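There are 2 protein chains.
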Amino acid sequence: MSGKKAVYIYDTTLRDGAQGEGVHFSVKDKMLYLAKIMETGVHYIEAGWPGSNPKDDEFFNRIASSETIGSGMSKIAAFGSTCRVGEEPENSEILSNLLSSCAPAVTIFGKAWKLHVKEVLRTDHRENWRMIRESVRFLSAGGKEVFFDAEHFFDGFADDPDFALACLEAALEGGATGVVLCDTNGGAFPDEIRKGVLAAGKAFVPRYLGIHAHNDGGMAVANSLTAVQAGANQIQGSWNGFGERCGNANLSTLVPWLQLKLGYQVLGAETVNDLSHLSRYVAELANYPFDEKQPFVGKSAFAHKAGMHVDAVIKNHKTFEHIDPSAVGNERRILVSEQSGKANLCQRMKKFQPEITKDDPLVEKAMDRIKQAEKEGFQYDTAEGSLDLLLLDIMGLLRRPFVLEDYHVWSDPLRGELDSVAVVKVRVGDRSEHIAGEGDGPVHALDKALRRTLSVFFPIIEESELSDYKVRVIDGSHGTGATVRVVVETRWGLRSWGTVGVATNILRASAMALLDALYIVILSQSEGKTG
Amino acid sequence: MSGKKAVYIYDTTLRDGAQGEGVHFSVKDKMLYLAKIMETGVHYIEAGWPGSNPKDDEFFNRIASSETIGSGMSKIAAFGSTCRVGEEPENSEILSNLLSSCAPAVTIFGKAWKLHVKEVLRTDHRENWRMIRESVRFLSAGGKEVFFDAEHFFDGFADDPDFALACLEAALEGGATGVVLCDTNGGAFPDEIRKGVLAAGKAFVPRYLGIHAHNDGGMAVANSLTAVQAGANQIQGSWNGFGERCGNANLSTLVPWLQLKLGYQVLGAETVNDLSHLSRYVAELANYPFDEKQPFVGKSAFAHKAGMHVDAVIKNHKTFEHIDPSAVGNERRILVSEQSGKANLCQRMKKFQPEITKDDPLVEKAMDRIKQAEKEGFQYDTAEGSLDLLLLDIMGLLRRPFVLEDYHVWSDPLRGELDSVAVVKVRVGDRSEHIAGEGDGPVHALDKALRRTLSVFFPIIEESELSDYKVRVIDGSHGTGATVRVVVETRWGLRSWGTVGVATNILRASAMALLDALYIVILSQSEGKTG
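Those protein sequences? They're chains V and G, same order as listed. Using our numbering, read the first sequence as starting at -11 and increasing by one per residue. Using our numbering, read the second sequence as starting at -11 and increasing by one per residue.
1) By the three-class DSSP mapping on this structure, what secondary structure does GLU133/V have?
2) Quick one: grab the DSSP three-state call for VAL(-5)/V.
3) Among residues of its own chain, excluding the 5 on either side of TYR32/V, which ones have a beta-carbon nearer than 7 Å to its beta-carbon?
4) DSSP three-state label for ASP171/G, please.
5) Taking DSSP as the reference, what is the three-state secondary structure of ILE311/V?
6) When DSSP builds the beta bridges, which residues end up paired with LYS63/V?
7) Taking C-beta pairs closer than 7 Å, name the residues in chain A that PRO313/G reaches, listed in chain order.
8) Quick check: GLY166/G and PRO194/G, are their CB atoms within less than 8 Å of each other?
9) In chain order, what residues of the region 447 to 467 of chain V put their CB closer than 9 Å to some CB of chain G?
10) Can you tell me the Cα-Cα spacing of ASN221/G and ILE382/V, whole angstroms?
11) Taking the beta carbon of ARG483/G as the centre, do at least 16 other beta carbons fall within 10 Å, making it buried, or is it exposed?
12) Can you name the residues of chain G whose CB is closer than 7 Å to the CB of HIS310/V?
13) Using DSSP with H/G/I as helix, E/B as strand and the rest coil, what is THR518/V?
14) Between THR241/V and chain G, is any beta-carbon pair separated by less than 8 Å?
15) Counting pairs of Cβ atoms below 8 Å between the region 397 to 413 of chain G and the region 422 to 438 of chain G, do you hit three or more?
16) Kindly say whether GLU107/V, judged by its beta-carbon, lies nearer than 8 Å to any beta-carbon of chain G.
17) How many whole angstroms separate the CB atoms of LEU103/G and ALA138/G, which I take to be in contact at a CB cut-off of 8 Å?
18) Taking only the alpha-carbon atoms, compute the straight-line gap between ALA501/G and LEU495/G and give it to the nearest angstrom.
19) Looking only at its own chain, which residues have a Cβ that is under 6 Å from the Cβ of VAL416/G, when we skip the five neighbours before and after it?
20) Indicate whether GLY98/V and CYS155/V have their beta-carbon atoms separated by less than 8 Å.
21) Taking Cβ-Cβ distances shorter than 9 Å, what residues in chain V pair up with GLN335/G?
22) Does any residue of chain G bring its CB to less than 8 Å from the CB of TYR252/V?
23) At what residue ranges does the region 202 to 229 of chain G contain a whole run of the alpha helix (DSSP H), taking only runs of 4 or more?
24) Does the count of Cβ pairs from the region 308 to 317 of chain V and the region 169 to 180 of chain G closer than 8 Å reach three?
25) Does DSSP put HIS140/G in a helix, a strand or coil?
26) Report the three-state DSSP secondary structure of SER455/V (helix, strand or coil).
27) Quickly, what does DSSP pair TRP398/V with across the bridge? List them, please.
28) At 9 Å on the CB atoms, spell out the chain G contacts of CYS234/V, in chain order.
29) When the Cα atoms are used, what is the spatial distance from SER88/V to ALA164/V?
30) Hey, could you find the ends of the alpha helix (DSSP H) ALA188/V is sitting in?
31) Return the chain-ordered ranges of every alpha helix (DSSP H) run that is complete within the region 45 to 132 of chain G and spans a minimum of 4 residues.
32) What in chain G is Cβ-close to VAL209/V, meaning under 9 Å?
33) What residues of chain G sit near GLY427/V, judged by a beta carbon separation below 8 Å?
34) Looking at chain V, is there any beta carbon in it that lies within less than 8 Å of the beta carbon of TYR395/G?
35) Kindly indicate the opening and closing residues of the alpha helix (DSSP H) around THR241/G.
36) Anything in the region 92 to 105 of chain G with a Cβ closer than 9 Å to a Cβ of chain V? List those residues in chain order, please.
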């Protein structure tokens, strides 16, 4: 359509990415991940290895029974390996699990380096080629679109080009839609990648010629781009570069390189424009700290500290920025005198006071309050409920419907269930209530006591429910005395919103977030009545 | 001596590195840094910009009065800029500060891109060349070894090669020992770097042809290596890639690439063999969290999780490692998780029982226990301390040195500091202690009470410290009643390890992780005594 050359993204965040140390997705997280990534136009999403562990099985079952998943733009891929040495594909448990999975695409890896055939498989070359060819054929015949991951292709190619290429040939003879050249150990140099890809592209013309690079030499992005320039048209990678050891090729870096700097067609403009947010969302799901020094999408990526740089960048942003930060949903930050974000903020304040303009001193004031709060550890991008309350407060429009006068919590963790008790004192007008609640753990007890007490005054809050609760230690190096941030998500009918609290005491941080959530329910109700 | 081609390292960690967000060196830190780096054989160390701020001035004064500094193998360099538009070098404060500094080498930057000459300097090309030539000449005549940092050389070269090369020429006419081609905005692609370096190397033969790359495109390492292969013989970079925005070229990655993989002579073998330690030491001085996913030197760099990888790496480490981890002072780690196989586990169990084999029923039993624990929410890849305790337990080798008989926690979050109290009862043999502790928040109180009580029996635990504390809500959809996982990291002398606890009550989960951490301190001590 655009006349630009296309590069197809094969997203292995949920499979190879999840192999990264410290990266953890629950099955629920994975479902959320799919729902989000399916909107982006990523071409293939590798969901896991069916049959390898109960969690992956549960995930594939959930995908199979989900109506929405099939309707997205992305294809689900299942991952696995060829049959074993001496085994017929029909007898391979691995292959039969792949075949019976709900995924329309399947990727299997096989050996492309003689060292592995000899020392790991302990078989001969012909048998290796047979395993590849017949495994691919078996899956193809079963109706799957098959990709062959040529493990250690570049090491294998350096060692014996004919052998390595013959492995690709075996896969294509078996009917593979694509062959993927893997730098499995991640130690290759761009020159080696170029040679290998050129040789593969000269010998064969598969529908997809893929590259799968690891970052053990800090070269995963450079190697992937080199491969594309040498003729590869598919990239396997993960958001934020999650993955085993030093990680996989970072899609958060690769996509802007390809689409914004090198002129390829990769994903829709809306996705690229939202990349900073998307990358953060994925890190949040994986509960992995987001790398703020990350190219393009990190908070530091366009942060200018040196005075001379700041001066120049204000004269012309090209002087010290290699791309416009807004092209990837990021923003310039002037570390000395920050002035970004005002437009966004003003836009949000218009919800409550439509006539407000960017130059209104209230916008400046709100900006200062937010900056101060962020310094203390608050974050509003996942807590827009708390942000709205803060803005209403600054505009003089907030009337808190109740006051939490006091609360205490006792916990006796070895007692088993309902091991904690909280007592809460709430005042509405001149009437107070003092009510206790029991729970599993102190936060649960506090939450229950708060809701019990408030529902005396505001029965409506029983209609709302807490749909998510997250805790993050902001600076763990202070140990158990560290500040924590609690983010709570509340659902009420069709609406849902996040609220945030920050304190060294997790109970206080939780109370702040819970109170904000309940304020919104109560205020929205009275709004509904008057409006 | 070795016949290998030399590459000279110019270390800008203390100057450009210190511009990185979150990187902070005190003057004392900088002195420690110099002492350490001088031992490594790094050729030039950029110490700062004399005259630009009081901290840098103090540092240069300390260097000048230090007897040891001059005796090292490295040369100190001072950083600054050319004289201003229309200014004579004799009248330049910047240049006179550089000249009077104690540094034998000086690096000044100047413009090499017409855009900057026009829009930032607002002068003409001739004046730009004069500023460069005369500034270099002034410093050279004053006895300094002078490097010229050609700012934005690659953008300037792409825009107008003749203009950019003429800037280098001006510096060489002025007597520069070296010219350094800078990718200041960090957005260049290796092909552009190659073209620029080849052109400079063809036009001139300076003593040093340097490369200064930034990581805004994730290419700083690839670009630096490409420059070396195109003829550059000096690299400016920083340890751990510290630096403005996305950082500078990472010396911790570049040095092993050059010396171990590409056959150049860079630093002494002892330095390279100690690189993991050195990189951590620098991060420690800068008070910046060490990136454990870093190539070569990170803790994850040789950490294997997938079962098949582990199996193969044990057969032959080359199968899944691009270099031998010990060559950079790092080590292989076998991570245990539900995705990994028996081989990983057995390898780990050998630490305690060297004769154990993969078929031992204890391995199967351990596997089952781990899988069960992971289903409950435990994770062992960041909690190897707890894993070791679990394995010792299964092998019948664990004797817990104490029992936590009971504990209670009270919290009054609105009280302010020390708002929580914990009481802990511990038994060792037939002696019990019942001690209270106060803290900021309930977890902190519990931690303090535990340590106070246990140190009565085991004074050694006061030598250990908590270096990190993390909480994750495992399934937030149960709201505040969700299960949480707590991971604690403990440091004791040179050792550090993670431990984990899981429960619906965050205090219970924290207690589990803290207890495991303390068991290890106590057990390691008695091991030391008997062993």
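We put the CB at the ideal spot given by N, CA and C, even for glycine. All values derive from a computational prediction rather than experimental measurement.
For this structure:
1) Here GLU133/V carries a strand assignment [DSSP, helix/strand/coil].
2) coil
3) TYR(-2), ASP(-1), SER62, LYS63, ALA65 and ALA93
4) strand
5) In this structure, DSSP gives ILE311/V a state outside helix and strand, which the three-state scheme calls coil.
6) Under DSSP, LYS63/V takes part in a beta bridge, and its partners are TYR32/V.
7) Given the protein chain composition of this structure (V and G), no chain A is represented.
8) yes
9) GLU453, LEU454, SER455, ASP456, TYR457, LYS458, VAL459, ARG460, VAL461, GLY464, SER465, HIS466 and GLY467
10) Here the alpha carbon of ASN221/G sits roughly 58 Å from the alpha carbon of ILE382/V.
11) Exposed, by the Cβ-count rule.
12) ASN173, GLY174, GLY175, ASP204 and GLY205
13) The pLDDT assigned to THR518/V is 33, lower than 50, so where the model puts this residue is not dependable, and the model offers no usable value.
14) yes
15) yes
16) GLU107/V counts as touching chain G.
17) No, LEU103/G and ALA138/G are not in contact; Cβ-Cβ is about 14 Å, not under 8 Å.
18) 10 Å
19) Within the same chain, VAL416/G has close Cβ partners PHE390 and PHE445.
20) yes
21) Going along chain V, no residue has its Cβ under 9 Å from GLN335/G, so there is no contact; the nearest lies around 16 Å.
22) Taking a beta-carbon distance threshold of 8 Å, TYR252/V does not count as an interface residue toward chain G.
23) If we require 4 residues or more, the alpha helix (DSSP H) runs fully inside the region 202 to 229 of chain G come out as 208 to 217.
24) Here the region 308 to 317 of chain V makes contact with the region 169 to 180 of chain G; the two share three or more CB pairs at distances below 8 Å.
25) Looking at HIS140/G - three-state DSSP - the assignment turns out to be coil, as it is neither helix nor strand.
26) strand
27) VAL409/V and TRP398/G
28) LYS281, GLN282, PRO283, PHE284, GLY286, SER288 and ALA289
29) 18 Å
30) 178 to 191
31) 55 to 59, 81 to 88 and 113 to 129
32) GLY205, GLY206, MET207 and ALA210
33) THR468 and GLY469
34) yes
35) 239 to 244
36) TRP101, LEU103 and HIS104
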